[in-house]
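What follows is a single structure, written as structure tokens, with notes after it.
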Amino acid sequence: MDSLSRITGYVRNFFTLDNWPTLLAILAALVLLILVGLLVYYRIRKRRHPGTLEIKAGSSAERKALKKEMPASSLTGIWKEFLKAIPWSIRPNIMTYEHFIVFGQAGSGKSTLIDRYTDWQGHARQFYPSFTANPLLQIYLGSKVLVQEIPASLLDDTSEAARRALLKLWKPLFRRRKPTVVIALNAMELSPDEPGHLESLRQKAQMIRGKINLLGQICKKPIPVRLVLTHLDQFEGFLEFSRFLAQGNIPLKLEWPSAGGDRDRSGSPGTPVEGQRQDPTARTDRYDLSGCLDPCEEHLTRALISLPADQYLRAMTFLCQAPRVFQDLSLFVRSLQEADPLSLEPEITGFYLTSQAEENLPVLNPFAPLLTAEEISKIDPHRRHRLAAAAIGLAGLLFFGAAYFHGRSLIVERQRGLDRVETDPPARYDQRMHELLPAVYADQHPVTKVLPDFFSSRNREITHRSMENIRELYLLPELDRLATEMAAKPQTPTGAVITIHGFEHYYKGSIHAAQDRAVYLLALIYATRDNDLGQLIQQNPTSWSKILNLPRTMIEDYVHNNVSSSDVSLAGKKLSFRQSHGAVDDPNRWMAYFREIRRFCQQPFMSRMEFEKLQKDTEQFLGVIQQMELYDLTVRLAKLLKKEVPPDIHLDMIVIQESELRQEAIKNSLNFIKNSSMNYPETAPGSGLAGLLENLKVMLSYKDPRAERDWTFRFSLGGEDFSLSARQWKDLINRSRINAFLRDFVNQHQRQDGLLFFPSDQEFDDLIMNPSNDGRFLFIGSARVDGRFTRDAVEKRVRPILSELPALIESLPIDPQGKKHVTNFLLKEVDIYGRRYAQSYRRYYMEFDIKAGSPGALRFVLSQMVLPSSPLREVLVSIQDNIRIDPGTNEYMQIFSRHLSEFDFIKRLMGEQKGTFPELDRYKALMEQMLADIQEQQGQGEKRDKEESHALLKNRLSPLGRIAFAILDQEKDSYVNLVKRWLESVAVPRPWQDIFLAPVWQAYFLGMAEIESDIAKTWEELRQADIQPLQHKFPFLPASGEDVSIEELRNATHPAGHFRRSFQALLLPYCGEEGQRWRKRSSPYNVLKLPETMLPTLNAIEQLGDVLWDRDGKEKFLEFMVRPAPLPLMPPREPLAALSYLYVGDSAVFGFNQKPSWKRIRCSWKDPSSAAVGIEFAGRSRSARIKRTIEVPPSYWSFYRLLQKAKQPAAFDRNRNISTVQWTIMSPAGNGEGVSLDIAFDIKGDPWSVFKLPR
């Protein structure tokens, strides 16, 4: 920020009105630099890009027109030869002439045309020569015209060399002026009867167009073209026709029609514009020249009068032949002006008819210039040169004037600053005094470095005064203070040391002794930029600044700008120097230090803490040596000062004292140890074991140049010999560095995750299950295996490290304990990686599954699984490819490989033989067979199943149902058992079998759904046919007035009845009898679902059947255990209840006024019988007994009808399992009207329970 503020302030101060001379000089210099830069750029661009237009040759003959390739400067050389012959005084004038370039084939009359119309020979006689010596290019200087004749050989040359030569000739000439092209055509060659004539004419036009394109590229404008027909005198009647025109002063020049008026919007010549009325007699093709002489027909009447008849007839003959000639000329013009997006179309401005025999007529001149002689004379060819010279002179004047005034302003400013300093000197050397020096001022004003110095003597004077000010204001007063201090206190030896050399020695501290500081100050006072004192101070300015407590900037400015010490005066300075010696340290400390180093060299390694302590001690010992070196330098300064100081200053008292510590080997050994380092390469974050391996290689391969030679530092201290081998010390440092590096690496990665083999988690592509979909359709699973757990990762990252790193660790120059520590770390990392590797593929394997929600989906799944590239096969192949890793003999790879042993079954399963997998193909065959069974027609299934068990049941099932039924029935050949037997044959462990059983279980689930639907349908049919008729009749429905028939009971409950037979045929396989009760049969995954009322109804029917039928299917009596209740008590004077009774058919139960007991009654339900319940009364006077009964007429269910007549439904006591039934009977009338009595009987169990069926 300080530098930025200083720069900003400088820029702000620079752009002021006071610096206008400087700004003006800078502006002039910039203008000159820009002009020079543009000139250099133009020259370079001219050399690198001579042109881009290429012209292709029309035939092989034309490509070989020149036998030798034309040099690029050949035509330019001809032009220079032409200019050499032109006097200097008129060269600029001829460049103002109008330039013509003549093209034409050999024999076209170019030279004759130029001779006749330019008068170049006449100018040559007047010392205005032309240049016609070189056949490659002729240059003619005529009256107001300059003509270049291009020979036929150059015209037909379409080579790159010819293009470069023409561009190099024409670019300087026509960059600012536009030449006129004259095309000479031999009229006799326009209408021959030879084959290929028109094609030859078109090629000639293209050759000329190519050269014109070069001119257009240079001028950036259309090039004007004049067409000249020559040799017309060979046509009959042309001479008579031309003489007639000459006599009548009629010009034989035909104006060329404009391009815009005769061309339609599409650019095609000759096409009329839509919507515009066309004159049928008008020519619509601007290239059609057949009627170009039509304007001359108006002069025929005059010719008939003025010409003799024979001449008139010959003239008419020419006019009749001319259209044919001009028609061929039209093809030439069309080819010449053919539209080209890469070039400008030439502009034909004139059409001339010439002959070889006619007189020279001015009106027929094809080289007539557009400028008159008067206009040419007014052109100043030297105007640009004069302007350029004036601009350069003005710029130079401005430059030197600005340099003078700028230098003067700077001198005045410095002089004022110096005066201010001398008037009010600062307490310490500051920036103001620093900026007065010329070098500093030049840095602040860089422009002065390129400007001439008009005030060198003034600059030297200011510099000299500045040096005097520094001495008088700062150096000499400091010397006085030191002299006073030296006189007041005794001198002390040299103190701590500081940097004094140009080499780095790690010196510390400062000098406090006044005598030593006085020596350094005297050396500064007498130092110049050239003497030895000045050179020494310039090498160590910081040291002098610390010693003398003076600004470093002042010291550097003084030494750099002081040129002489002869004007230094120490008059009146009293300096007394006393005898002084260098400090000597106790050698015992040194001996203990070097003994410790000897002990370290014998150890396996050195800890970082020990090394840091040793470095600290080394710095202290180096400080002692550098103290002595400092004192030696003080002695050297004293010797140098003897040549400069006055004789009254005695410096002979400063002498050197010898010591064992001055041995060079001691200093070198200390510096060698100090420069040692235990720093090791930092492992890049995330680089892991690869970074560890690379760093170990670097550390092992690094050779310290200082230890290449086995230097030995030998010295003696206190009578004891010491030696330090550089190689031995470096080996110790290297061992210690490697040991520290390994321990730090292990400590940084204590939480191991097995991924230290990989510097990046993006290096390898992940293995993705179902990569083309979301893993939710049929073959489900979206497992992803990290790319670092792939075979590619193992081979590229893990194996190379495990192949190289263990051996490298074993070869490390460290102790066995350190090697073991790193080896255990690596073994653990490999073990963790192997576990995670196996876990990744276990999860990948387990997540694959099949989910087919319909039979159609299952068929699709099976059809995919039997394909050569089934999804299951892809999963297995992916796992196989990544677990088939050969550990070889590498111990670490074997540890890793042991974790993959659980996948050995995949290796057996995917054993390849002749491009196939036999074991997997067997599984595919099972899936293919199951697919065929699923797709099997029902009729085929019936025919096949007639001999099987449960044939009737299976015939009702679909193919999927039969597959599921076989699994449910645990048939030996069910697909579950078949697949399991196959899995056992290839030793697939149980936890890994589900992926292969998945299609079968999917078929089982779908088939069980169909079976459950069939069960529900079958049960409903049986229920409606056999059970439902019972539920609506008595005694199953007590409220019903219709008794159930024996036949209906037989169908529903008889062991051979319809219900039993149908159940056994269609539903028995789904049920199991357990404890005389029907239960749902156990099934895989317990997926079987039966109708809700099926098992309760089945058990009720089973219970009812056991009651009604014996084992032989014969009817059984209904038996009940009945016990009469105590007889009711009668009111006084009423008959007594003597007996209660209940009978059904032939069975009866009687109740007395005694302890009741249980009696069995038997009811026949196959034959009608009656039932009754009643009480027998006895009179109190022993009169006849009276019975009161409730009777039921004979029926199959009379007992239940009797129960139905009870006072209320039987009260069932569940705890005692007894039902109590009460009937109400009116007693016979005695003295009263009779009373109602309740008669009760207990029945074991619930008599109605057997007839209660679920609904």
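Numbering (the numbering used here), first residue to last: 352 to 1606.
Built from N, CA and C at the ideal position, the CB exists for glycine as well.
Segment limits, alpha helix (DSSP H) that includes residue i
| i | result |
| --- | --- |
| residue 809 | 807 to 821 |
| residue 1513 | Not the alpha helix (DSSP H): residue 1513 falls in the beta strand (DSSP E), residues 1510 to 1514. |
| residue 1239 | Per DSSP, residue 1239 belongs to no alpha helix (DSSP H) and is neither H nor E. |
| residue 1049 | 1039 to 1052 |
| residue 1195 | 1167 to 1198 |
| residue 468 | 461 to 469 |
Residue i (DSSP reduced to helix, strand or coil)
| i | result |
| --- | --- |
| residue 1595 | strand |
| residue 657 | helix |
| residue 1424 | strand |
| residue 1601 | helix |
| residue 1065 | strand |
| residue 485 | coil |
| residue 1123 | coil |
| residue 1396 | coil |
| residue 1517 | coil |
| residue 1443 | coil |
| residue 1080 | helix |
| residue 1233 | helix |
| residue 735 | helix |
Residue i vs residue j beta-carbon contact at 9 angstroms
| i | j | result |
| --- | --- | --- |
| residue 1223 | residue 1119 | no |
| residue 1038 | residue 1110 | yes |
| residue 502 | residue 480 | no |
| residue 872 | residue 830 | yes |
| residue 1522 | residue 1549 | yes |
| residue 1630 | residue 1243 | Shown here, the chain extends from 352 to 1606; a query on residue 1630 therefore has no answer. |
| residue 482 | residue 525 | no |
| residue 1093 | residue 1165 | yes |
| residue 1080 | residue 948 | yes |
| residue 985 | residue 1025 | no |
| residue 916 | residue 864 | no |
| residue 1369 | residue 1605 | no |
| residue 1468 | residue 1422 | no |
| residue 531 | residue 592 | no |
| residue 1018 | residue 973 | yes |
Nonlocal neighbours in the same chain, by C-beta distance under 6 angstroms from residue i, ignoring five residues either side
| i | result |
| --- | --- |
| residue 1312 | 1358, 1361, 1362 |
| residue 1593 | 1474, 1569, 1571 |
| residue 1588 | 1479, 1576, 1578 |
| residue 1188 | 1140 |
| residue 456 | 503 |
| residue 810 | 789 |
Where the beta strand (DSSP E) through residue i begins and ends
| i | result |
| --- | --- |
| residue 895 | Taken as a continuous stretch (DSSP letters only), residue 895 belongs to no beta strand (DSSP E), being part of the alpha helix (DSSP H) at 892 to 899. |
| residue 598 | Counting along the chain, residue 598 falls outside any beta strand (DSSP E), though it belongs to the alpha helix (DSSP H) covering 589 to 598. |
Sequence-distant residues of its chain with Cβ nearer than 8 angstroms to residue i (five each side left out)
| i | result |
| --- | --- |
| residue 686 | 552, 553, 556, 557, 560 |
| residue 1159 | 1044, 1047, 1048, 1051 |
| residue 1600 | none |
| residue 1230 | 1192, 1195, 1196, 1254, 1257 |
| residue 1212 | 1129, 1130, 1201, 1203, 1350, 1353 |
For residue j and residue i, believed in contact at Cβ under 8 angstroms, the rounded distance
| i | j | result |
| --- | --- | --- |
| residue 1209 | residue 1314 | In fact, because the Cβ distance is near 10 angstroms, the residues do not count as touching under 8 angstroms. |
| residue 1442 | residue 1488 | Residue 1442 to residue 1488, Cβ: 52 angstroms. No contact. |
| residue 1246 | residue 1319 | With a Cβ gap of about 47 angstroms, residue 1246 and residue 1319 do not count as contacting. |
| residue 938 | residue 1011 | 6 angstroms |
| residue 792 | residue 771 | That pair is no contact at about 15 angstroms. |
Cutoff 9 angstroms: residue i Cβ touching any chain D Cβ
| i | result |
| --- | --- |
| residue 1338 | The question asks about chain D, but that chain is absent: this structure has only one protein chain. |
Spatial neighbours of residue i in its chain, beta-carbon cut-off 7 angstroms, leaving aside the 5 residues before and after
| i | result |
| --- | --- |
| residue 1248 | 1236, 1238 |
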